[in-house]
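See structure below.
Number of protein chains: 4
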Amino acid sequence: MTDLFRIGSFEVTNRLFVGTGKYANYELMQQALDASGCQVVTVAVRRDRLIDAQGRRLTDFLDLNRYVILPNTAGCFTAEDAIRVSLLGRELLEKAGNKGAGWVKLEVLGDKKTLMPDPVGTLEATRELVKEGFTVLAYSSDDPRAAVRIKEAGAASVMPAGSPIGSGQGVLNPLNISLCLELLKEGDPTYPVIVDAGVGAASDVAVAMELGADGVLLNTAIAHAKDPVKMAAAMRHALEAGRLGYQAGRIPKKRYATASSPFEGVISYIPGE
Amino acid sequence: MTDLFRIGSFEVTNRLFVGTGKYANYELMQQALDASGCQVVTVAVRRDRLIDAQGRRLTDFLDLNRYVILPNTAGCFTAEDAIRVSLLGRELLEKAGNKGAGWVKLEVLGDKKTLMPDPVGTLEATRELVKEGFTVLAYSSDDPRAAVRIKEAGAASVMPAGSPIGSGQGVLNPLNISLCLELLKEGDPTYPVIVDAGVGAASDVAVAMELGADGVLLNTAIAHAKDPVKMAAAMRHALEAGRLGYQAGRIPKKRYATASSPFEGVISYIPGE
Amino acid sequence: MTDLFRIGSFEVTNRLFVGTGKYANYELMQQALDASGCQVVTVAVRRDRLIDAQGRRLTDFLDLNRYVILPNTAGCFTAEDAIRVSLLGRELLEKAGNKGAGWVKLEVLGDKKTLMPDPVGTLEATRELVKEGFTVLAYSSDDPRAAVRIKEAGAASVMPAGSPIGSGQGVLNPLNISLCLELLKEGDPTYPVIVDAGVGAASDVAVAMELGADGVLLNTAIAHAKDPVKMAAAMRHALEAGRLGYQAGRIPKKRYATASSPFEGVISYIPGE
Amino acid sequence: MTDLFRIGSFEVTNRLFVGTGKYANYELMQQALDASGCQVVTVAVRRDRLIDAQGRRLTDFLDLNRYVILPNTAGCFTAEDAIRVSLLGRELLEKAGNKGAGWVKLEVLGDKKTLMPDPVGTLEATRELVKEGFTVLAYSSDDPRAAVRIKEAGAASVMPAGSPIGSGQGVLNPLNISLCLELLKEGDPTYPVIVDAGVGAASDVAVAMELGADGVLLNTAIAHAKDPVKMAAAMRHALEAGRLGYQAGRIPKKRYATASSPFEGVISYIPGE
Numbered sequence: 020m021t022d023l024f025r026i027g028s029f030e031v032t033n034r035l036f037v038g039t040g041k042y043a044n045y046e047l048m049q050q051a052l053d054a055s056g057c058q059v060v061t062v063a064v065r066r067d068r069l070i071d072a073q074g075r076r077l078t079d080f081l082d083l084n085r086y087v088i089l090p091n092t093a094g095c096f097t098a099e100d101a102i103r104v105s106l107l108g109r110e111l112l113e114k115a116g117n118k119g120a121g122w123v124k125l126e127v128l129g130d131k132k133t134l135m136p137d138p139v140g141t142l143e144a145t146r147e148l149v150k151e152g153f154t155v156l157a158y159s160s161d162d163p164r165a166a167v168r169i170k171e172a173g174a175a176s177v178m179p180a181g182s183p184i185g186s187g188q189g190v191l192n193p194l195n196i197s198l199c200l201e202l203l204k205e206g207d208p209t210y211p212v213i214v215d216a217g218v219g220a221a222s223d224v225a226v227a228m229e230l231g232a233d234g235v236l237l238n239t240a241i242a243h244a245k246d247p248v249k250m251a252a253a254m255r256h257a258l259e260a261g262r263l264g265y266q267a268g269r270i271p272k273k274r275y276a277t278a279s280s281p282f283e284g285v286i287s288y289i290p291g292e
Numbered sequence: 020m021t022d023l024f025r026i027g028s029f030e031v032t033n034r035l036f037v038g039t040g041k042y043a044n045y046e047l048m049q050q051a052l053d054a055s056g057c058q059v060v061t062v063a064v065r066r067d068r069l070i071d072a073q074g075r076r077l078t079d080f081l082d083l084n085r086y087v088i089l090p091n092t093a094g095c096f097t098a099e100d101a102i103r104v105s106l107l108g109r110e111l112l113e114k115a116g117n118k119g120a121g122w123v124k125l126e127v128l129g130d131k132k133t134l135m136p137d138p139v140g141t142l143e144a145t146r147e148l149v150k151e152g153f154t155v156l157a158y159s160s161d162d163p164r165a166a167v168r169i170k171e172a173g174a175a176s177v178m179p180a181g182s183p184i185g186s187g188q189g190v191l192n193p194l195n196i197s198l199c200l201e202l203l204k205e206g207d208p209t210y211p212v213i214v215d216a217g218v219g220a221a222s223d224v225a226v227a228m229e230l231g232a233d234g235v236l237l238n239t240a241i242a243h244a245k246d247p248v249k250m251a252a253a254m255r256h257a258l259e260a261g262r263l264g265y266q267a268g269r270i271p272k273k274r275y276a277t278a279s280s281p282f283e284g285v286i287s288y289i290p291g292e
Numbered sequence: 020m021t022d023l024f025r026i027g028s029f030e031v032t033n034r035l036f037v038g039t040g041k042y043a044n045y046e047l048m049q050q051a052l053d054a055s056g057c058q059v060v061t062v063a064v065r066r067d068r069l070i071d072a073q074g075r076r077l078t079d080f081l082d083l084n085r086y087v088i089l090p091n092t093a094g095c096f097t098a099e100d101a102i103r104v105s106l107l108g109r110e111l112l113e114k115a116g117n118k119g120a121g122w123v124k125l126e127v128l129g130d131k132k133t134l135m136p137d138p139v140g141t142l143e144a145t146r147e148l149v150k151e152g153f154t155v156l157a158y159s160s161d162d163p164r165a166a167v168r169i170k171e172a173g174a175a176s177v178m179p180a181g182s183p184i185g186s187g188q189g190v191l192n193p194l195n196i197s198l199c200l201e202l203l204k205e206g207d208p209t210y211p212v213i214v215d216a217g218v219g220a221a222s223d224v225a226v227a228m229e230l231g232a233d234g235v236l237l238n239t240a241i242a243h244a245k246d247p248v249k250m251a252a253a254m255r256h257a258l259e260a261g262r263l264g265y266q267a268g269r270i271p272k273k274r275y276a277t278a279s280s281p282f283e284g285v286i287s288y289i290p291g292e
Numbered sequence: 020m021t022d023l024f025r026i027g028s029f030e031v032t033n034r035l036f037v038g039t040g041k042y043a044n045y046e047l048m049q050q051a052l053d054a055s056g057c058q059v060v061t062v063a064v065r066r067d068r069l070i071d072a073q074g075r076r077l078t079d080f081l082d083l084n085r086y087v088i089l090p091n092t093a094g095c096f097t098a099e100d101a102i103r104v105s106l107l108g109r110e111l112l113e114k115a116g117n118k119g120a121g122w123v124k125l126e127v128l129g130d131k132k133t134l135m136p137d138p139v140g141t142l143e144a145t146r147e148l149v150k151e152g153f154t155v156l157a158y159s160s161d162d163p164r165a166a167v168r169i170k171e172a173g174a175a176s177v178m179p180a181g182s183p184i185g186s187g188q189g190v191l192n193p194l195n196i197s198l199c200l201e202l203l204k205e206g207d208p209t210y211p212v213i214v215d216a217g218v219g220a221a222s223d224v225a226v227a228m229e230l231g232a233d234g235v236l237l238n239t240a241i242a243h244a245k246d247p248v249k250m251a252a253a254m255r256h257a258l259e260a261g262r263l264g265y266q267a268g269r270i271p272k273k274r275y276a277t278a279s280s281p282f283e284g285v286i287s288y289i290p291g292e
């Protein structure tokens, strides 16, 4: 039973989006990607142009027949730079014949310390990249009205941050993620919203999905775990747990669970079960 | 690769313990238990003596060759009552030939409103049941020193509550659960600790396991979900996610993830990946 | 010992900014403002143009010699509307001879449901109002990079929301408020940052001030409390508590407080003091 | 307008109880106690028997006409030890003619690392000290049923911990403190409950009081603050803020505060006020 969703013309069959940076080596990355069960893999275009100590290039280690590459503009701090890098990424993926040439994960970062997105540059770049024909997935803060503006600028998906990139703090403000979902999906329930950034533990992925997110993107939580391959498997299960839990409809929270009817004589209620 | 643990002489191969109360009907319970992947199923001895509207009895719907029954003393508010119910449960399971005759999940509840455990009655009943030869798994508050006292009284496992039974509030005080684990496992790392009560969502299970719990017991979160069978599957994945995540070693939380070395010229660091 | 701060050319001697809407009647408002100890009172320009059932007008009940009025643009959903209302407010306060004619609390709201600020309209209106000579205090989300953009647009103060207006949820994301403070005050430590919106309880005010905010603005938490005058007094104390606490330098959080040196023989350490 | 409460025969006029340990010197302690506005000062009996480097004794620096001393049994890990220390404290205070001879803050600690209370030893010592005629204020975990047992054993007040002594983590589980209050005051609304231990910031004091606690006891948060005297003043205001806020009746928390009636035409509602 496939549980797919659409981002523009892309049909996504697995809701965990995994990054490719920060691994100790490419082999470990390969194993972690495999264990994560992901279909979409995001690659910093800037990184792909780099080679490691042995002269090896990242994309040589990615099975382009298996994964859809989502090029990202990590390392860009202006709209101009992000646009340039997006075009470069498209060119590279077109040459490689990978479907990922058609989309981009847009990051226009505000500063090198927090790595939080610049709302103005993000809007500018989104508009321009949409004009250039890209399916834009835009990294955003968890500000619900900023998310709406990005959607209005033409983004095919908004990707609100749970907490700062690489911080491992999880979803710091569940209300804001929930309001992003409410506003972005109002009258447009299939509009895809992917929580991006901040995941530290598997439970963070479950929390994001239980709020109703369509997917989760993460990198550091796997790449810098003590055992990245095992953590990738944890994330795969957490995604599934959160998605199923969202669909299954959780019980409400109560102060305590006293039966409203008195205990005595009520045959079907055993207090403490 | 089995990931078993021991509680007294019991070898547990699946870390999710699932209750059998509060289901709309026994067939739904059967399907949910199946979807949960659990090995151990807990049954209120008081409930098993009840019959439903069609004159059917709970244990007739449990495959006693598949599941190990963990009888529990739900509905008991004194040590005496809990001891009596424990003995009755043992008798029933011995007749049924189920391995669960040797152990009991002890609940001595303090009141019908909060359903929180009475620390004094719990200690008394633990001591007595240990004398009677039971492997005692004792439901407890999350008070770390109370947990130590229960272990000292002979309990084979302490089961601290995340939050009140049926409240769906999850793990309200992760520090206390973590201190229970630290104190109970000090010099005795295989002593089993199972988080019991309070689970509302799948992420709550993952959180408990990431703290280092050996297992999680739950009932209402599945039985009262809109779709209990789907929620049972969510819980199965969440258990796996939390367990793997704990073993994999999560990244530390940071205010933000700025590279310590400056960005410029550092070939391996792309900010925002 | 005065603990003043500056917003543009305004010298503020009390850090609690209090609203004037939502009171049962004007007399109650007067008493609550008095009990709050506030110097600055914010008034929706739109409200001041309204009269109540007895034909009475809000500003007739404000001692303009005692309070500095901070006109606000509540009820505005576009930059144009907010600019128009700001100009109107200035005109009214100039006529009244109140110092508040020189500044404005800018609200450009995104929608009538969440009442969260529209980041684009807020930037536009800020730029225009600065040109018009206003000292602009801009209501913002808690997105740190959005806050920086608003400062760059010329705002004399940014006012990040703790949580949605009137929601009473307090400071939902202390990290974001803390990052707003860090980024806005970087190289400019006296730049004033006022937490606006979301306060429900007095402790919320203390939390905001302990994070390092220069002030807090609130309305509903007082006006809709069961006893608004008593709650106003609570807020006055909470402001003081949070400000003093921030200045005094709190102890760090620890898992537990075990002395590093062993207990025995250490004369100055009594465990549990 | 005095806001007193009773603990046994003691009439308490100020709800902040302040400790006397861990100060850099006695003079600083004197100033901090003064700034805190407290009436009741707690002293470890073990400490009072110690002298500092200059041969000075703690109680020589406490104005026994101004403060009521609450002797405490810090440093005791068994009921026997706590009883012995209590008797010694009574003797010392009787000699000094201080009213505090009649009561004791009972600490029976479980271990030197967490400094959490031992529930069994606490019950034993409470029973014995009540027999000896003491008004017992018993330090407890935040376990609501443990608190009830301590009350039943005769304690005049239960003092649940917000978090471990000296940890500065504040009230980690507001539900449990709230349930302690609910169960202990059921049918006995004036039974005094004082939150003890864990305070780090002034806002923590406000939170405890807003939950309905009758008072707060703290030590490290003042003594180890960078500026203890200023922090003591912060705590005084926080106590007042929390108490007034509790009495004033806070607004409920809402997802957002949308008016139920539509905006247009509703003269008294300005969205965003």
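Sequence order for the protein chains is C, F, Z and B. Residue 55 in the working numbering sits at position 36 of the first sequence, and the numbers go up by one each step. Residue 90 in the working numbering sits at position 71 of the second sequence, and the numbers go up by one each step. Residue 211 in the working numbering sits at position 192 of the third sequence, and the numbers go up by one each step. Residue 266 in the working numbering sits at position 247 of the fourth sequence, and the numbers go up by one each step. Just so you know, even glycine gets a beta-carbon here, dropped at the ideal spot from N, CA and C.
(message) So with CB distances below 7 Å, who are the chain F contacts of residue 129 (chain B)?
(response) 164 and 167
(message) I'd like to know if the segment 249-265 of chain F and the segment 219-226 of chain F are in contact, where contact means that at least 3 CB-CB pairs between them fall below 8 Å.
(response) yes
(message) Rounded to whole angstroms, what is the Cα-Cα separation between residue 177 (chain C) and residue 221 (chain C)?
(response) 22 Å
(message) Between residue 137 (chain F) and chain B, is the shortest Cβ-Cβ distance under 7 Å, so that the two count as touching?
(response) yes
(message) Quick check on residue 239 (chain F) - is its C-beta less than 7 Å from some C-beta in chain B?
(response) no
(request) Using a Cβ cut-off of 7 Å, pull out every chain Z residue sitting near residue 252 (chain B), in sequence order please. (result) 263
(message) So, for residue 142 (chain F): in the same chain, excluding its five sequence neighbours on each side, which residues have a beta-carbon less than 7 Å away from its beta-carbon?
(response) 168, 169 and 172
(message) Taking the alpha helix (DSSP H) that residue 166 (chain F) belongs to, which residues open and close that run?
(response) 163-171
(request) Inspect the CB distances between the segment 239-246 of chain F and the segment 234-254 of chain C and report whether three or more fall short of 8 Å. (result) no
(message) Between which residues of its own chain and residue 175 (chain F) is the CB-CB distance below 7 Å, once the five residues before and five after are set aside?
(response) 26, 27, 154, 155 and 156
(message) Measuring straight from C-alpha to C-alpha, what distance separates residue 160 (chain B) and residue 179 (chain B)?
(response) 5 Å
(request) Out of F:110, F:274, F:59 and F:182, state which residue places its alpha-carbon closest to the alpha-carbon of residue 214 (chain F). (result) F:182
(message) Quick check: is the beta carbon of residue 32 (chain B) nearer than 7 Å to any beta carbon in chain Z?
(response) no
(message) the ligand MG and residue 218 (chain F): does any heavy atom of the ligand fall closer than 6 Å to the residue's C-beta?
(response) Absence of the ligand MG is noted for the structure shown, with no ligands found whatsoever.
(message) Let me see if you follow: with CB-CB separation under 7 Å, is residue 230 (chain F) close to chain B or not?
(response) no
(message) Relative to the C-alpha of residue 8 (chain F), which candidate in F:146, F:137 and F:185 has its C-alpha closest?
(response) Nothing can be reported for residue 8 (chain F), as the shown portion of chain F is limited to 20 through 292.
(message) Please list, in chain order, the residues of the segment 95-119 of chain F that have any C-beta partner in chain A closer than 9 Å.
(response) You won't find chain A in this structure, because its protein chains are C, F, Z and B.
(request) Taking all protein chains shown into account, decide if residue 280 (chain C) is buried (16 or more other Cβ within 10 angstroms of its Cβ) or exposed. (result) Legend: pLDDT at residue 280 (chain C) = 46, less than 50; position of this residue unreliable, no value from coordinates given.
(message) So, does the segment 114-123 of chain F touch the segment 87-94 of chain F, judging by three or more C-beta pairs under 8 Å?
(response) yes
(message) According to DSSP, simplified to helix, strand and coil, what is residue 213 (chain F)?
(response) strand
(request) Report the three-state DSSP secondary structure of residue 279 (chain C) (helix, strand or coil). (result) Low local confidence applies: a pLDDT of 48 at residue 279 (chain C) is under 50, so the model's placement there is unreliable, and no value is given.
(request) With 7 Å as the threshold, decide whether the Cβ of residue 187 (chain C) is near any Cβ in chain F. (result) yes
(message) According to DSSP, is residue 38 (chain F) part of a helix, a strand, or is it coil?
(response) strand
(message) Any beta carbon from chain Z within less than 7 Å of residue 269 (chain B)'s own beta carbon?
(response) yes
(request) Determine the burial state of residue 150 (chain Z): buried for a count of at least 16 other Cβ atoms within 10 Å of its Cβ, exposed for fewer. (result) exposed
(request) Report yes if the CB atom of residue 230 (chain F) is closer than 7 Å to the CB atom of residue 197 (chain F), and no otherwise. (result) yes
(message) Within 10 Å of its beta-carbon, does residue 205 (chain Z) have 16 or more other beta-carbons around it, so buried, or fewer, so exposed?
(response) exposed
(request) Quick one: which residues of the segment 210-222 of chain C get their C-beta closer than 8 Å to a C-beta of chain F? List them in chain order. (result) 219, 220, 221 and 222
(request) Assign residue 64 (chain C) to one of three DSSP states: helix, strand, or coil. (result) helix
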